[in-house]
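Quick notes on the structure that follows.
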Amino acid sequence: MDYPNTPNPLRPLRASKPTAELFRLPELGMDGDALALDIRRYFAYFLGRDRHCRSSHYPYLALVLSLRDRLMERWKRTRYAYEEQDAKHAYYLSLEFLMGRALNNALLNLGLGETTESALRRLGLEVEELIDVEHDAGLGNGGLGRLAACFLDSCATLQLPVMGYGIRYEYGMFRQHVENCRQMEEPDHWLRDGNPWELERPELTRRIQYYGRTEFQRGADGRLRARWVDSHDVLAVPYDIPIPGYKNDTVNVLRLWSSAATDEFDLGEFNAGSYTESVAAKNAAENITMVLYPNDASENGKELRLKQQYFLASASLQDVLYRWEHYHGPDYSRFAEKNCFQLNDTHPSCAVPELMRLLMDEHDMEWDQAWTITSRTMAYTNHTLLPEALEKWPVRLFGQLLPRLLEIIYEINARFLTEVARRWPGDNDRLARMSLIEEGPDPQVRMAYLAIVGSYSVNGVAELHSDLLRQGLFRDFFELWPHKFNNKTNGVTQRRWLASANPSLAGLVTETLGDGWITRLDELRGLARHADDPAFRERWRAVKRANKVRLAEMVRRDCGVAFDPDALFDVQVKRIHEYKRQQLNLLHAIHLYARLKNGEAGDWTPRCVLIGGKAAPGYFMAKRIITLTCKVAEMINGDPEVGDRLKVVFLPNYRVSAMEVIAPGTDLSEQISTAGKEASGTGNMKFMMNGAVTIGTLDGANIEIREELMKLTGNDDNFFLFGLTAEEVEAARHHYDPNAIIEADPDLKRVMALLESGHFNHLEPGLFDPIIHAIRSPHDPWLVAADFRAYVDAQDRADAAYRDGERWTRMSILNTAASGKFSTDRTMRDYNAEIWRLTPVPVGR
Ligand code: 26Q
Numbered sequence: 029m030d031y032p033n034t035p036n037p038l039r040p041l042r043a044s045k046p047t048a049e050l051f052r053l054p055e056l057g058m059d060g061d062a063l064a065l066d067i068r069r070y071f072a073y074f075l076g077r078d079r080h081c082r083s084s085h086y087p088y089l090a091l092v093l094s095l096r097d098r099l100m101e102r103w104k105r106t107r108y109a110y111e112e113q114d115a116k117h118a119y120y121l122s123l124e125f126l127m128g129r130a131l132n133n134a135l136l137n138l139g140l141g142e143t144t145e146s147a148l149r150r151l152g153l154e155v156e157e158l159i160d161v162e163h164d165a166g167l168g169n170g171g172l173g174r175l176a177a178c179f180l181d182s183c184a185t186l187q188l189p190v191m192g193y194g195i196r197y198e199y200g201m202f203r204q205h206v207e208n209c210r211q212m213e214e215p216d217h218w219l220r221d222g223n224p225w226e227l228e229r230p231e232l233t234r235r236i237q238y239y240g241r242t243e244f245q246r247g248a249d250g251r252l253r254a255r256w257v258d259s260h261d262v263l264a265v266p267y268d269i270p271i272p273g274y275k276n277d278t279v280n281v282l283r284l285w286s287s288a289a290t291d292e293f294d295l296g297e298f299n300a301g302s303y304t305e306s307v308a309a310k311n312a313a314e315n316i317t318m319v320l321y322p323n324d325a326s327e328n329g330k331e332l333r334l335k336q337q338y339f340l341a342s343a344s345l346q347d348v349l350y351r352w353e354h355y356h357g358p359d360y361s362r363f364a365e366k367n368c369f370q371l372n373d374t375h376p377s378c379a380v381p382e383l384m385r386l387l388m389d390e391h392d393m394e395w396d397q398a399w400t401i402t403s404r405t406m407a408y409t410n411h412t413l414l415p416e417a418l419e420k421w422p423v424r425l426f427g428q429l430l431p432r433l434l435e436i437i438y439e440i441n442a443r444f445l446t447e448v449a450r451r452w453p454g455d456n457d458r459l460a461r462m463s464l465i466e467e468g469p470d471p472q473v474r475m476a477y478l479a480i481v482g483s484y485s486v487n488g489v490a491e492l493h494s495d496l497l498r499q500g501l502f503r504d505f506f507e508l509w510p511h512k513f514n515n516k517t518n519g520v521t522q523r524r525w526l527a528s529a530n531p532s533l534a535g536l537v538t539e540t541l542g543d544g545w546i547t548r549l550d551e552l553r554g555l556a557r558h559a560d561d562p563a564f565r566e567r568w569r570a571v572k573r574a575n576k577v578r579l580a581e582m583v584r585r586d587c588g589v590a591f592d593p594d595a596l597f598d599v600q601v602k603r604i605h606e607y608k609r610q611q612l613n614l615l616h617a618i619h620l621y622a623r624l625k626n627g628e629a630g631d632w633t634p635r636c637v638l639i640g641g642k643a644a645p646g647y648f649m650a651k652r653i654i655t656l657t658c659k660v661a662e663m664i665n666g667d668p669e670v671g672d673r674l675k676v677v678f679l680p681n682y683r684v685s686a687m688e689v690i691a692p693g694t695d696l697s698e699q700i701s702t703a704g705k706e707a708s709g710t711g712n713m714k715f716m717m718n719g720a721v722t723i724g725t726l727d728g729a730n731i732e733i734r735e736e737l738m739k740l741t742g743n744d745d746n747f748f749l750f751g752l753t754a755e756e757v758e759a760a761r762h763h764y765d766p767n768a769i770i771e772a773d774p775d776l777k778r779v780m781a782l783l784e785s786g787h788f789n790h791l792e793p794g795l796f797d798p799i800i801h802a803i804r805s806p807h808d809p810w811l812v813a814a815d816f817r818a819y820v821d822a823q824d825r826a827d828a829a830y831r832d833g834e835r836w837t838r839m840s841i842l843n844t845a846a847s848g849k850f851s852t853d854r855t856m857r858d859y860n861a862e863i864w865r866l867t868p869v870p871v872g873r
């Protein structure tokens, strides 16, 4: 049976010819009465609930379905507007979209927040309670996945024809809890209660091939054509999620693919007599989109992961090509003018050889024409500087799973190396360095190089990061194609991270400056004029304090520890990674504890330290850092001598919806990675926007955060800077002697002695030896000991600043005021101006 194109057997074409009336919709009211009526209808008719229903799940569903109808209208109008303009589209290909919850975002962007609140109140319902019913859509690990989600929000708001393509994992990022100070992972079956935001589109099902082999046949035209035969096929079924722009009637689409078995699975093996094997094979097909890989650095060599990556690339490209032919027929001469694919890291970079394959093998194109189209439509974003995190796949595995793609990669490589040899005759080292295939006992496909060769644009995600790519990781490629390389500094959407997450601060800002900042974040600059106004400061302080109370309630509920809202809230939330240096934060906490225990508490600033984040399940050191956090927390929180002067918690199950409470309640934002290792960071921006002050190294976007503050204020007083620069880090490696540093610093020496005495692990001797050894190792790549002194000094400056409440509030206001650059609206304008070149399309009636 042949699935790929409509008509398809799941959805036969209709024979009848409906009149236009079928497609004409009565417009749904945007007032409270219309909304309340729809909610009641959905509740009673569609959901069939009545006065006996005690769960808030059904009122939640009734509300979402009512909103979804309103999104649906605008979605159709958006599609028609794009069609009429024959608009160029960009496709954001990403293995991750960390969407979090959708309800509050839909209310804000539809402009229905207040209407809904009062409509629900009349029905005796609280909108806040319904918002909390929703599971986070945790289809991502961290920064890269959340960035994709912020991008979609901004593109819809900027009226850009951009579509997201991803995978509909049955299980998202694992849920984390802590038992005996150890991370425990639980599956996140987020679809258990259904997902009212998605729309299944079985009529757009595609067929994906794996395994098998290539056959060459000469066609009637005498041309040699490749056929991928004996493949094991899987179906890709799309589910669409609406992405509303902010009050502009634009609704874009996030299309997520789900795997399903073909009918052959029911018949093939079965006819050969092995029923059980047939059912097992069917299961394997359905497993492809079962679970998100919880690694935020590439996990090398897992076949299922490569299956996922190809699944996304192939289904999405087939979808775009299918639509192209639907509108333009088989003429591809203008395809590159009208389409562009942004690869979110190398994860979807199979798209390069897959587009070649589809154009040549399925659409009869010659190599040169296919390559012109491919290399003019692909653009690649890199998100990491760690060389060990660059994705590689064993050639053997690649060739077994995707034989036709490997052939195409070899051909791309041969042609590419010819170009290199022409440019640098005789430079064989360079050929080996740049080859898409890393030679050796177990040859590997270098996915980043494949992405660079196949793309017209290669970008990093912060100025420093992009510079380091040009000078380091991709130096050879930069010499060959300097014009391809560019920077696009990350951002976050202020609609989620300020307007929704922090309504009281948003309200104060709007009262002061108007609401233009919601789509033009630069306008926050206007707050600087009010930073010295005592009455304004007082209101700012009161808002921050209320948000700290809210955060303290969460900490009490999830950690059982009381945070005093008047203490300094010092927060580090992000994936647990050695390069992010949660260890350094803990050394400081232990240092504060030692000071208290030794009666050195003169001029004390009460401090609550919150650390949260998930460790990749196979990352031993990261898990051990979590254990150390919990053990240090237990010791400090349980010590009556410490009392309220210092608290430390590990907050379990950090996720998008937790950050929506955390960022507004934070005073001090910890951004303390080893310089040159954090590509950008985006948590740093969420904190800044919410009026937290950063303590940080000159790494990633921290540099630009500090620059924006200095541009606004003319001084460097509003950022606690410390530590080696990226250059100094590289230089220090050659003569690094952490033991000498420890010996020479009495504070660090005392901290290490406490750790090494087993003070935090009485019952489990040796528990923290791996962490201690890493810090003491002359090969410690993260230079923890090197930055300790400077870090503690910066923390002391933060303490002193916080003790002066007026001064701190001023710093807080100035941080929000200077955060305008870090909106993804700016980021998306930059992508569009320099990479995509799309025309914004307003959506009419
Ligand atoms: C790859 C192959 C196999 C399995 C897993 C992976 C994988 C998955 C996720 C590799 C990397 C990631 C995620 C990386 C990530 O989140 N990077 C962060 O991206 C942010 C957005 O640009 C930056 O702000 C952060 O600095 C960067 O660490």
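Just so you know, our numbering puts the end of the sequence shown at 873, numbered straight through with nothing missing.
A virtual CB, placed ideally from N, CA and C, is assigned to each residue, including glycine.
As the structure is a prediction and not an experimental result, all values here were calculated from the model.
Supposed contact pair residue j and residue i - C-beta distance, whole angstroms, cut 8 Å
i    : j    : result
R623 : G166 : About 39 Å; that fails the 8 Å criterion.
V17  : A707 : Lying before the first or after the last residue shown, residue 17 is absent from the chain, which here runs from 29 to 873.
E228 : Y199 : About 19 Å; that fails the 8 Å criterion.
H558 : K366 : Actually they are not in contact, since the Cβ atoms of H558 and K366 sit about 47 Å apart, beyond 8 Å.
A595 : P634 : 4 Å
P381 : L433 : 4 Å
Same chain only: Cβ atoms within 6 Å of residue i, ignoring 5 sequence neighbours per side
i    : result
M384 : A398, T402 and I436
K651 : Q211 and A643
V637 : D598, A617 and V676
M582 : V689
Same chain, Cβ closer than 7 Å to residue i, neighbours up to 5 away in sequence not counted
i    : result
A379 : L121, A341, L345, F369, L371 and M406
K576 : P593, F597 and G693
A760 : L752, L811 and A814
H619 : D775, V779 and V820
H493 : L413, A707, S708 and G728
L459 : L445, V448 and A449
A703 : T725, L726, D727, G751, L752, T753, A754 and V757
A580 : F591 and P593
T741 : L842
P46  : none
M127 : A165, L167 and A177
Paired residues, beta bridge with residue i - DSSP
i    : result
K675 : C636
N280 : I271
D261 : Q237
E466 : Q472
F597 : C636
H117 : N367
R203 : E214
Y193 : L121 and R283
E698 : I723
K420 : R474
V486 : Y408 and F513
P266 : W285
Same chain, Cβ closer than 8 Å to residue i, five either side skipped, listed in chain order
i    : result
Y239 : D258, S259, H260, Q428, L429 and P431
L497 : N410, L413, V486, G488, F506 and F513
R362 : H356
Notebook entry, point to check: Counting Cβ pairs, one atom from each stretch, are 3 or more of them under 8 Å apart for the stretch 330-346 and the stretch 209-220?
Noted result: no
Check: Three or more beta-carbon pairs under 8 Å between the stretch 271-280 and the stretch 185-193, yes or no?
Finding: yes
Next item on the list: Take every Cβ of the stretch 130-139, pair it with every Cβ of the stretch 388-396, and state whether three or more of those distances are shorter than 8 Å.
Entry: no
Next item on the list: Tell me, please, whether the stretch 709-719 touches the stretch 842-856 by the rule of three or more beta-carbon pairs shorter than 8 Å.
Entry: yes
Next item on the list: Determine, using beta-carbon pairs with one atom in the stretch 82-93 and one in the stretch 242-255, whether at least three such pairs fall under 8 Å.
Entry: no
Next item on the list: State whether the stretch 455-472 contacts the stretch 662-680, with contact taken as three or more CB pairs (one from each stretch) at a distance under 8 Å.
Entry: no
Next item on the list: Determine contact between the stretch 855-871 and the stretch 179-186, defined as no fewer than three beta-carbon pairs at a distance below 8 Å.
Entry: yes
Check: Looking at C-beta atoms only, is the number of pairs between the stretch 553-572 and the stretch 791-805 that lie closer than 8 Å three or more?
Finding: no
Margin query: Under 8 Å, with one C-beta from each stretch per pair, do the stretch 731-740 and the stretch 533-550 reach the 3-pair mark?
Written below: no
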